[in-house]
Amino acid sequence: MLVAYYVILFLVVRDRMLWTPSIKPETSDPQIFSEERAMKHVEVLTEVIGDHQVSTPGLEEATQYMLKEANRIRQLGEDMDDVEVEVHLDTVSGEVAMDFTLVNLTNVYRGLDNIALVIRRKGLINITGTMKPDEPKSLLIASHYDSAVCSYGAADDGAQVAAMLEVARALLYRRPLPRAPVVFLWTGGEEPFSPAAHGWMRSSSLVPSLGAFINLEAMGTGGLPILFQHTGAWTMEAYARGAPFARGSRVAQDIFDANLIPADSDYRMFSALHYGHLPGIDVAYVMDSTSYHSYLDRPARMRKGVVQEMGENLLGAITSFTDYLTDHPSEAAQPEHVTERAVYFDILGLVMVSYRDRLAVMLHNVPATIALGLPLIAHSSNTHSLTAAYKAMGHATLRTFASIVLAILFPALLGAGRTLLSALLGAGRTLLSGMPMVWYSHQSLGLLIYLPVALLGALIPHLGIEKHAEQYASGRPGLYLGAQMQGCALAGGMAAAGLTAVGLIGNGCVFALASVMSSSLSLLLGTPRLHLSLLLLALATALIPLIFGMEIMIVFVAVIMERMGIAGHISVLLADVVVGVLCGLAVLACTCGAMLPLIAYSISGVRKQVIAVLLLVSFGASTYGSLYVHPYSVTSPKRVALNHLHFTVATDVGHHPASTSVENDTPVHSEVSDHQTGCLGRLGVPQMTVVSNRFAYSPTDSVHIDFALNHSEDSRLPDTGMEFTSVFPLTNLLAGGGRNLDASYVLQPAAADSDKLVPQGEVQGAAGQRVRQLPYVCRTAEDVWDMKSSASGLRSKAESSLGESLAGGVDEDGGRSKTDGQHSSRCAEGKRRRVNLMLFTERAAWGVLNVTVHGGMQLTGWSFGSQLMPSLIKGTQDVQVQHIARLLLQNQSSHVVEFWLEVADKQAPAGGLCSEGHRADGRPSFPDSQAGGATAGVRVELSISYLDKTEALMQAKARLPEEWVSEIWLATVYYSAWEL
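Written out as structure tokens, the structure is:
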């Protein structure tokens, strides 16, 4: 009966999770949201425009398309008497100090576009965004129209972009109109850690009028839009009231807040809990993450009906949000209400339950108190002493905690013992089979491997329950079962109180519900005799908590299994251990602990057979997977990052960028690569030369790249540590499983043309450009002043503009000018220097600028914002402190980024910027004086990434199996290092 109960429960939950509303056709009435109309926008963004990442021409095309569609909606509004529509295009530049996965960085962005569409009743607000005292604040709805690198972005975030366009259009035809203005914002740069949203929040005239926000995101093409983050309890409550199919769980927010999932969204730039000042929510598609950030993210892969569900939810949420902003303007804006949070969860998408944190703190402590009183109630109906009742409850509590531990440890750790279960553990299975992640493309196989052994671990403390029941109360098993339920109730109550106390309130809710369910079952089953009617009533009582637990775990097991493909190569055992732990948690959530004694009692007559079946299923599934199942497939590919890395060095100074054309793979004389090139003490533009180049491959999961890469031992090159600095701060996730191949081995014989771009018609997104001038850094001016003097006493050595610097920095004969001679002065003790630098890249690019101070020198400031947060600190004696800035440069013309560094040292070296030499293998070669850490200095490393698809990249990519490998990063990178 229990088996049938769980099968039916699983099928009902799964069916409701896959349910979507019927799709409204394109011919529907104009006030109706139509998925068919919305998907036409997705088709244009993905199939017509194609690649539209930051720094690519496709993003400019996407901007023009979005602007055209926004103006089309504005024109529709012009024919209506009671509505006003505005369109705003804002181009933003700036910087923001932030952290990602607990790593500090500064995001520097230039030329990113944002498009805003404002819809309001006539007379509510003027065009400048200035509020009248009695006007309600506006509701912001946001998504991003840029796509991730190597992704068409159908779901992430094209479907949400299209849903907003269709909602805005439909809103014009609905009456009554929203009671508060609605601002639709499409940001043109979210994937590189949300710089466009940050710039818009800093500069837009619409920001002062905002009162709340709804951010729309996606982690996959399979839909299931869940609310997974919120700021301000009232925003979550408004969404629950307005969205007809509201889904979500506070557990998701607990996991996201703990940085267990390396991801981010524009939510952080809007939220008052982070960089913004607004209350709001974050809603995202979460299913089918194997297509996330890959070229599989296309319209054809999107599940039908998910956009319809999102659109109808959004229309309902607009009404509830704007009503609240109008009816409760003071509460919506009060700081305590803006930052307050709530516990929330849905039941099969039919209803969302919520209560605020301050109430949760009280409620989550009640179950333990109730559990402690259960023996008093049970004592009145049996012959046992109160002491015996509490003793039985204590033993049952220990068994429950043992079940929790074993359910997690059995599928996750290699254990030694009296059983053969060690061969089925997450770590053990990988070591024995030699093939991790065999479940990646077959999730059901992973469940067959881990769920049985997790269930066995959870049941072990309860095996033999029939004998214990006979000893406790002969002929009256219900009394003992009741005592076991009491222990489950107490354990759950203690866990709920503890998790709530440490801030994991969503997880505390899960245990609180389990505890309440256990208390109820103890009262129902704690009778001398067990009757079928009592069992049926108990199963009905457990229905809601079990649905809640099962719904959560189905989502999280599926999402995390899929996300293991981009979790990074931290350990070969990582993925299997994580999935094993998840399956253990799934067993606990789907039994709420209290069902385990009941299951153990029901199998008492066939206990050995059940154990054998569980072991056989896990052994059999693991063996079958290792022998016959490939971990990857066309629909669930292995993710690989690929860089064509060029090490560059300065060989001369004083040339103008236009005067030099450098072919990327031009052969370099050996003497250039074997010694230090010297100090660039003069002002001017350096002549850059490619020293060497290589291809760097790295997986984004736990399986080494050698599993996918065809290569020869002769083609391998040693690791330099700079292969993936261009993707910082994700660099560490790519460490350990990669491989570097010699470019001369990978490329076809025509090496001179290896970086010529594939023609536009052959590879979508290629721009048909060559790199004519390599990226570089040069010094333009320098200021020196006494550290003891005030800022007003700063003594300028050269305050020239860039043009003046280049004109006056070098004499015609190549010697130093008077101005340049001043720059080369040594800083005496107690001096501080401000060095003005210029970074050049001939076109739009991604980049990383790493400033490392060592030898006692200190970076006291830079022009990239007032917050100076170290990204990495290395070494013990000669401490190296790294300050890292990510660069996002969008405009398609040449880029010049002027910046300054302020450094201080008691004994600083001579001024000037030196380009580091490189050994023949391409590794940086530092001056001997630095090797021992005796000399203080500042090292500036520059990595510039161009996302164009070159012939060289395509040849390198062709070495990977196309049928089950998908690129997640593909770039040509130019690396240079400079010593100050």
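All the letters of the sequence shown, read from the start, carry residue numbers -19 to -1, 1 to 961 under mature numbering (1 follows the signal peptide of the UniProt record, and there is no 0).
The C-beta atom is built at its ideal place from N, Cα and C for all residues, glycine as well.
Everything numeric in this text was worked out from a predicted model, so none of it was measured.
Between the segment 58 to 75 and the segment 18 to 31, the count of Cβ pairs shorter than 8 Å is below three; the stretches do not touch. Within its own chain, the residues whose Cβ lies closer than 6 Å to the Cβ of S301, once the five positions on either side in sequence are excluded, are A219, R222, G223, listed in chain order.
Using a 10 angstroms sphere on the CB of L513, the tally of other CB atoms stays under 16, which defines it as exposed. Within a 10 Å sphere around the beta-carbon of D138 sit 16 or more other beta-carbons, which makes this residue buried.
Excluding its 5 nearest sequence neighbours in each direction, P159 has C-beta neighbours in its own chain below 6 Å: I299, T303, listed in chain order. Taken in chain order, the unbroken stretches of alpha helix (DSSP H) that lie wholly in the segment 264 to 327 and span 4 residues or more are 287 to 308, 310 to 314, 316 to 320. In its chain, beyond the 5 residues on either side, L502, L505, L506 have a beta carbon closer than 7 Å to the beta carbon of A519. For the 8 Å CB-CB criterion, Y336 and V324 form a contact.
Beta-bridge pairing by DSSP links C564 to no other residue.
In the three-state DSSP reduction, K103 falls in the coil class, being neither helix nor strand. Note on Y609: under 16 other CB atoms within 10 angstroms of its CB, so exposed under the neighbour-count rule.
D60 counts as exposed, since fewer than 16 other beta carbons sit within 10 angstroms of its beta carbon. Rounded to whole angstroms, the Cβ separation of C564 and A435 is 5 Å, and the two are in contact under 8 Å.
Where T44 is concerned, the enclosing alpha helix (DSSP H) starts and stops at 38 to 59. Annotation: Q754 is outside any alpha helix (DSSP H) and is labelled neither H nor E by DSSP.
Residues G719, N721 of the same chain have their beta carbon placed closer than 8 Å to that of D700, with the five preceding and five following residues left out of the count. Shown here, K938 sits in a helix according to DSSP, grouped into three states. Between the alpha carbons of D327 and I528 lies a gap of roughly 10 Å. Inter-residue distance for T706 and L714 is about 11 Å (C-alpha atoms, whole angstroms). Excluding residues up to 5 positions away in sequence, Q863 lie with their Cβ nearer than 7 Å to the Cβ of L853 in the same chain. Burial is judged here by how many other beta carbons sit within 10 angstroms of a residue's own beta carbon; A521 has fewer than 16 and is exposed.
About 12 Å separates the beta carbon of P526 from that of A477, a gap too long to meet the 8 Å contact definition. With at least 16 other beta carbons inside 10 angstroms of its own, L93 counts as buried. Cβ neighbours of D278 within its own chain (closer than 7 Å, five residues either side excluded): S132, Y133, G134, A135, A136, D137, T202, S272. E172 is the residue among M498, E172, Y256 whose C-alpha sits nearest the C-alpha of A244. Spatial neighbours of P710 in its own chain (CB-CB distance under 7 Å, excluding positions within 5 residues in sequence) are listed in chain order as F81, T82, V84, L86. The residue from S683, G530, K619 with its alpha-carbon nearest to that of F(-10) is G530. A check of alpha carbon separations from L830 across P316, E879, S847, N872 identifies E879 as the nearest. Nearest in C-alpha terms to H443, of all of L579, P280, S599, is L579. Burial is judged here by how many other beta carbons sit within 10 angstroms of a residue's own beta carbon; K5 has at least 16 and is buried. Counting along the chain, T841 sits inside the beta strand (DSSP E) bounded by residues 839 to 843. For S926, the three-state secondary structure derived from DSSP is strand. Taken atom to atom, the span from the alpha-carbon of I236 to that of F537 is near 10 Å.
According to DSSP, W181 shares a beta bridge with no other residue. For L166, the uninterrupted beta strand (DSSP E) segment begins and ends at 163 to 168.
Ranked by Cα distance from R620, the options T681, R339, M(-3) are led by T681.
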